[in-house]
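Here's the structure, in structure tokens; my notes come after.
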Amino acid sequence: MVDGTRSEPKEYAIEEFLIKEKPYYKPVGDEEDLFNAAYNQHIPLLLKGPTGCGKTRFVEYMAWKLGRPMTVVKKNGAQSKANEAQKQIPLVTIACHEDLTASDLVGRYLLDAEGTKWIDGPMTRAVKNGAILYLDEVVEARKDTTVLIHPLTDHRRVLPVEKTGTIIEADDRFLLCISYNPHYQSALKDIKQSTRQRFISVEFDYPPVDVEAEIVFQESGCTEDEAMSLARLGEKIRHLRDSGLQEGASTRLLIYAGRLIKEGITARRACQVAIVWTLTDEPELQRSIEEVVSSIFE
Amino acid sequence: MSTEAWKELESSLNTLPGSVSDAYEESKVSMSEIFSDDELLLWGKEGLAIGTQTVRSWEAAIEYFNVSAMVVKSLAFPSFMQWARCGTHLSQDAPSLASAFFSVSPSIVTNLRPQYIPRWVGLGRGLYKGTWKSGNLASKFFECSPELVRNLPFWDVEIFASLLESISGKSYEVAADCLDLGTTVLPAMGREREVFLSMLRSLTDTSWREVKSCLEIVPKVAKDVEDMQIGRFLKLGEKLAKSGMKDTSRFMADGTQALSGVQPNTHGKILDLCETLVEVEYDAVQPFLKSLETVLAGITIIQLDQWFQTGLNLIKENKEAGLAFFKIESNTSESVLKTLSSSIDLDVIKGIVTLYCTALTGQDIEISNSQELVDKGIGWVDESWASTDGTQVFLPAVVDQYDDKQSNFSWFKVIATHQVGRLEFGSFEFEFDTEAKVFTNRRVDAEKAQAEKLTKLGQPDEVGNVRTYTDIGKFLNLFDETKLAFDIFTVMEDCRLDYLIKTLYPGIKASTKQVQEDAILKRPEITELPLKEAMIELLIRFSLDQFNDLKVPEEYEDVVITLANLVHTLGNSESTVEDSAEATIRAYELISKVINETKPEEEWKDEDLEDQLEDFDEDEFESLVEKMQQSLEMSGEDGEGDPYDSPSPVEYRGDFKPEMVQLISKLQNDASEPGENQPLSQEELEQLLQETDELELDAEQGEIDAGMFAAWVENIMKEAGMPPPEGEPGDGQSPVLSSAEEEGELEAQEPKTYAYDEWDFRAGDYKPRWCIVKEKTLEEGEQSFYTEALNNYSGLLAHIKRQFELIMPETWRKTYRLVDGEDIDLNAAIEAISDLRMGVPPEDKIYWRRNKVERDVAAVFLLDMSASTAEAIDEGRQNSDDTDAPDDPVEYMVWLRRRREGLTRRNYKRIIDLEKESAALIIQAIESIGDQYGIYGFSGYGRENVEFYVIKDIDEPFNDKIKRRIDKITPLHATRMGASIRHAITKLENKDATTKIMFLISDGRPQDRGYSREGVEKEYAVHDTHQALIEARRKNIIPFCLTVDKAGHDYLKEMCGDMGYEVLDNIWSLPERLPMVYRNLTK
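Just so you know, the protein sequences line up as chains W and C, in that order. So in the working numbering, spot 284 of the first sequence is number 554, and the numbers just go up one at a time. So in the working numbering, spot 966 of the second sequence is number 1135, and the numbers just go up one at a time.
Set out below in structure tokens:
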């Protein structure tokens, strides 16, 4: 901060985190309508797509968008402006990993001075407060946690909490949204059919060149030409997906490169550090991608 | 026993200095315990004899008495006396020599056989020449002897001594130094010592001083030269020494220096070259080695060959020139080096270029040497040029256009990008009916006009039929002078590509520009060309971005300007291949009306067009055409001019054959989807090929005879995957492509048969449903084999079982002190409570949980049942048993009995027997921990007959049947591993286990009848197996190859890549090793 006063780090309770600014998101297909429809109909969503193609951003965008007053149709007009925040929909994002247990999500007893005390987990809080619960990379989570979401994702919309012996009914605004990346899904880490079939699935992929160029341009602040070149580079690199690269260059990486370029790093260097070296450690592949970079950028 | 004799001896001893008898008395005590009295007397007398030889020999006598007690431990009495007498002779020569001899004796007799002692002493005496210096040398030799004898075979010591002797003839000091050096250096050498000594031997004749330097240098040689090559290196030195080279040590030093500077694995290759060189001119070897480091800094070891050959040829003609060459002191040498070092081999950068092209086009591009395209015999002829046939990009094998690597690589990149550009920007996707983006459509009108013209001429649309098979052909058919039109189209399309590449890939704009400028320099002079060709040449210049400094014929200035505008307009990022075609129509309209005649110098004028370029204007164009038509008609009869010749091509753009590419791909489509379009008959194809201009270009040397066409047609049909033309057997037109493989997919029809793809590494693709795997359950034999195997290995089995059982508890451990778990961990909870009471923040990790990592393994064992497993295991084991016969009588009897039993029961063991035993053991081991597993054998003959024998299916519970099946594991046919692996994958794939393992136990490389075309079967088999293993890994199966083939390292590395494999040096360890590897893999 220029004035020398240290700004306090902003801290929110997980269920109070609201998307305040409109996140940049450029719809490629009808995903926005689908999300709206699913939200109104209480159908959970499964977002599929490679890394860095905008799944998380899309959820943030939708959380913001659904939280706008015009979409809050069920609230009566008497509610005042002070309750604006109430209308907005919090977004609870949980990155799943192998050790994520059921109690990490639901809650657990903790000890304090008087004895034990029940603390709600993020899932319970999201259910109670009517948030959008976003489980990122859900295949990574242990199987017992995926079973947890079953009663939440059918007509019951409840969350049984074994340890406290209670059942929590989901708030009307609650929506479950999970994502996974089919590319590095293996036979072992596939989502079970019984889980899968509780969701509608929206497939994401990297956007077409011109759209991606616009996204890179908007997000990174580099020039339009540079953004176009980056988008074309992205397209070329994705051609290598079957030739040794596990994943193509994500839109996120292209944006990183664009930002570096904006800061005055030369384009070739920016691509090298943001894209080439990030994507692979294999020298031949690196060299090949660098040749593509050096063809596209001066 | 005569006391007389004793007395006499002792009194004589007393005449010698007092210390002699002291030593005698002292020694006698211990000697008397060993020797009988008579022997003792002889012993004493010998001492006296030694002491009385010369004035000072009593000193030697003292040594004699001192060491006797020690020496006698190793020598029996006769040998002992022989030894003593040697000393006596020595002390006669020189007492100091004898002293030295005696004093080292105790340490030497333990290592030297008694019969060698006199010879050894002889060596020492040989060195003594009666002088003081020689005496010193000889004594020194004795002093060094224990060291030498302990570490060298005796004959090497002898050679070394004789070496010293000849040197000592020249200088005692040098000989003494050599002795010192030799004592430390020689023992350290391995089997190269012999070569080294023989080299030294030849040195003593020519330049004895070198011996010492060589001894000094040789440890460095051993260190820096690759182990396997030391012997050869020394031999080379010997050869040089023999041929009279003076400074062998310099050679050794320089050579070692040179070799240490390069990769050890290249030493063999370099020595090959040296050996060639030494035959031709030995003086050149040293300069060659000296230059090596500099040379190899620039070029690769493969290129070294080329450089070396140049030098070798030179030296054969002119020695001085050759020497200068190898010293890199000649221009030839430098320029050869420069060309080599800056050139780029396609093979080296192939991987990178392939990925680069794949990235650019998004298609699976294969990069090949242009030669391969020429070899296909389908119309491409120039092997040094780039080209593409639509799926592959062909590039020249070597690029050495420029003097530095960077430029050559840029050039490579430009040509590769250009070829790829044809694919990326759709040069081959021309469709006659698709609208162009930049120009208006004139094709339809032209088609009509052409049709009318043909009707007028009375040949309505007849000829056009065949040609219109492809869109490009249909287009070119619009023109009367198709060759001219095709040339224009080529220029236009290349121009479009260059423009697009420069715009979309700004990064190689500079290189492209450079390449274009270089290309302009190579263009012919415009004014020397007849006008039509000059017009094409001008088009090429425009396409190369040269609009200034042009010579333009005055008469056609307006035509040239229109053409320039045309090219300028085509340079648009929107333009497509159809635009190139439209531009071609327009340019053709103009150029075809130019009379092809040479114009004198003064009718040309200089022109700079760059600043006057404007967009192409259709109206102006039409009026120009009108004008030209009129003038053409006015000029009348003589408007023919010279015959038109195609321009010399632009090298970097390579060969462009759109019609051939479209033809082949269309033929392929038609062949794979029969019915829709009637594919061309052979006659039609032949007619088409005769008409196309793409082939005409290449046959400038002479007439294309009918046979050539037939061959082309056949090859093209083959390329397109069409059935070969019927009939005409043995018409002499053998196809260029051999058809060794039986083509065609197979179908699995019978029950329990499965069809699998097979990987063709040459195509980089799978051959669909290529192998039929027939699964059979192995028949049952005797159960006795199984029980017998377990009995034979009972000790090992117990050990293995114990090891396996140890695995189990590891998987059920409780984990304490967790934040969350099954129940409260009481200890931790109490601690937490007491912490709370004390007001200390409690630890919150108060739960325990059972570790839920359950062992969940599924494994498949694939046993090689190929015929080669019938081989008897060599008798090495038995022989070694002979020498290992235990000394202890009881043990010996046991050993003997065991051996006899073994011999009567089975004369020899086969590899398959060990495989069977291993199978029995692994079953026992795995049963003890309860993993899922299957055991299968594989063999087969031919791809339609891959046999897959079930010994224990993965779902089958273990029972007596399986024990009996093991007995029936027998050597059968060949090994087609890939298909068997794929079938095993299928078995494992359906299993729900965390860890899946596939074991492959084999005795050699995969081989089978008709694995592939001749010459590459081995590679093909290895690649296919490798691919199959990769497939396994993709499916989360851990493959592991265990082979008993000692040569396995050669191909297993390639076959398994980074997947696990092990080569068993000792076949007998298989039954022990297999369970252990399994255990480690699943842990």
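Each residue gets a CB set at the ideal place from its N, CA and C atoms; glycine is no exception. Computed from a predicted model, the values in this text were never measured in an experiment.
- Per DSSP, the unbroken alpha helix (DSSP H) holding Cys541 (chain W) starts and ends at 537-541.
- For the pair of segments examined, the segment 387-397 of chain C was found to touch the segment 434-443 of chain C: the number of CB pairs separated by less than 8 Å reaches three.
- In this chain, the alpha helix (DSSP H) harbouring Pro456 (chain C) covers 454-467.
- By the neighbour-count criterion, in which 16 or more other beta carbons inside 10 Å mark a residue as buried, Arg378 (chain W) falls on the buried side.
- The contact set of Val417 (chain W) on chain C, defined by CB atoms closer than 7 Å, is empty, because the minimum CB distance reaches about 15 Å.
- Non-local beta-carbon contacts of Ser963 (chain C) in its own chain, meaning distances under 8 Å to residues more than five positions away in sequence, are absent.
- For Val1185 (chain C), there is no enclosing beta strand (DSSP E), as DSSP marks it with neither H nor E.
- A straight line joining the alpha-carbon of Leu370 (chain W) with that of Val362 (chain W) spans about 16 Å.
- Close partners of Asp1013 (chain C) in chain W (Cβ separation under 8 Å): Leu380, Leu381.
- With fewer than 16 other CB atoms across the displayed protein chains lying within 10 angstroms of its CB, Pro247 (chain C) is exposed.
- Our two residues, Ile1135 (chain C) and Ala391 (chain C), have alpha carbons roughly 52 Å apart in a direct line.
- Rounded to the nearest angstrom, the gap between the Cα atoms of Asp416 (chain C) and Cys383 (chain C) is 10 Å.
- Residue state for Leu403 (chain W) is assigned as strand, using DSSP reduced to three classes.
- If you compare the alpha carbons of C:Ser511, C:Ile484, C:Gly491 with that of Ala466 (chain C), the shortest gap goes to C:Ser511.
- Here the C-alpha atom of Val505 (chain C) lies approximately 55 Å from the C-alpha atom of Met797 (chain C).
- Identification of chain C residues near Thr371 (chain W) by a Cβ-Cβ cut-off of 7 Å yields Asp989, ordered along the chain.
- Sequence-ordered contacts of the segment 663-694 of chain C with chain W read Leu673, Tyr674, Pro675, Gly676, Ile677, Lys678, Ala679 [C-beta pairs closer than 8 Å].
- Val562 (chain W) sits close to Leu529 (chain C), with the two beta carbons spaced by under 8 Å.
- Among the residues of the segment 552-567 of chain W, those with a Cβ less than 8 Å away from any Cβ of chain C are Glu554, Leu555, Arg557, Ser558, Ile559, Glu561, Val562, Val563, Ser564, Ser565, Ile566, Phe567, in the order of the chain.
- Ranking C:Leu524, C:Ile521, C:Val517, C:Thr508 by CA distance to the CA of Asp573 (chain C) puts C:Thr508 first.
- DSSP places Glu1084 (chain C) in the uninterrupted alpha helix (DSSP H) bounded by 1080-1098.
- The criterion of a C-beta distance shorter than 8 Å is satisfied by Leu782 (chain C) and His737 (chain C).
- Considering only C:Lys1204, C:Asn1128, C:Lys1187, the residue with the shortest C-alpha distance to Met1167 (chain C) is C:Lys1204.
- Residues of chain W whose Cβ lies closer than 9 Å to the Cβ of Ile1135 (chain C) do not exist; the shortest such Cβ separation is about 31 Å.
- Your pair Leu713 (chain C) and Gln685 (chain C) checks out as a contact, with CB atoms roughly 5 Å apart and the cut at 8 Å.
- Taking 8 Å as the cut-off, the Cβ atoms of Phe323 (chain C) and Leu366 (chain C) do not count as close.
- Between Ser1037 (chain C) and Gly1147 (chain C), the C-beta spacing is not below 8 Å.
- Below the 9 Å Cβ cutoff, chain W contributes no neighbours of Thr624 (chain C), its closest Cβ being approximately 48 Å away.
- Nearest CB-CB separation between Lys582 (chain C) and chain W: below the 8 Å threshold.
- Between the alpha carbons of Glu1231 (chain C) and Tyr1102 (chain C) lies a gap of roughly 21 Å.
- Listed by position along chain C, the residues whose Cβ is nearer than 9 Å to that of Ser471 (chain W) form an empty set, because the closest Cβ is around 24 Å away.
- The DSSP-derived three-state label of Pro314 (chain W) is coil.
- Within a 10 Å sphere around the beta-carbon of Pro812 (chain C) sit fewer than 16 other beta-carbons, which makes this residue exposed.
- By the CB criterion at 8 Å, Gln1093 (chain C) and Leu959 (chain C) fall inside the cutoff.
- Between Gly413 (chain C) and Ser376 (chain C), the alpha-carbon positions lie close to 9 Å from each other.
- Across the set W:Leu530, W:Leu288, W:Gly528, the C-alpha of W:Leu288 shows the shortest separation from the C-alpha of Leu403 (chain W).
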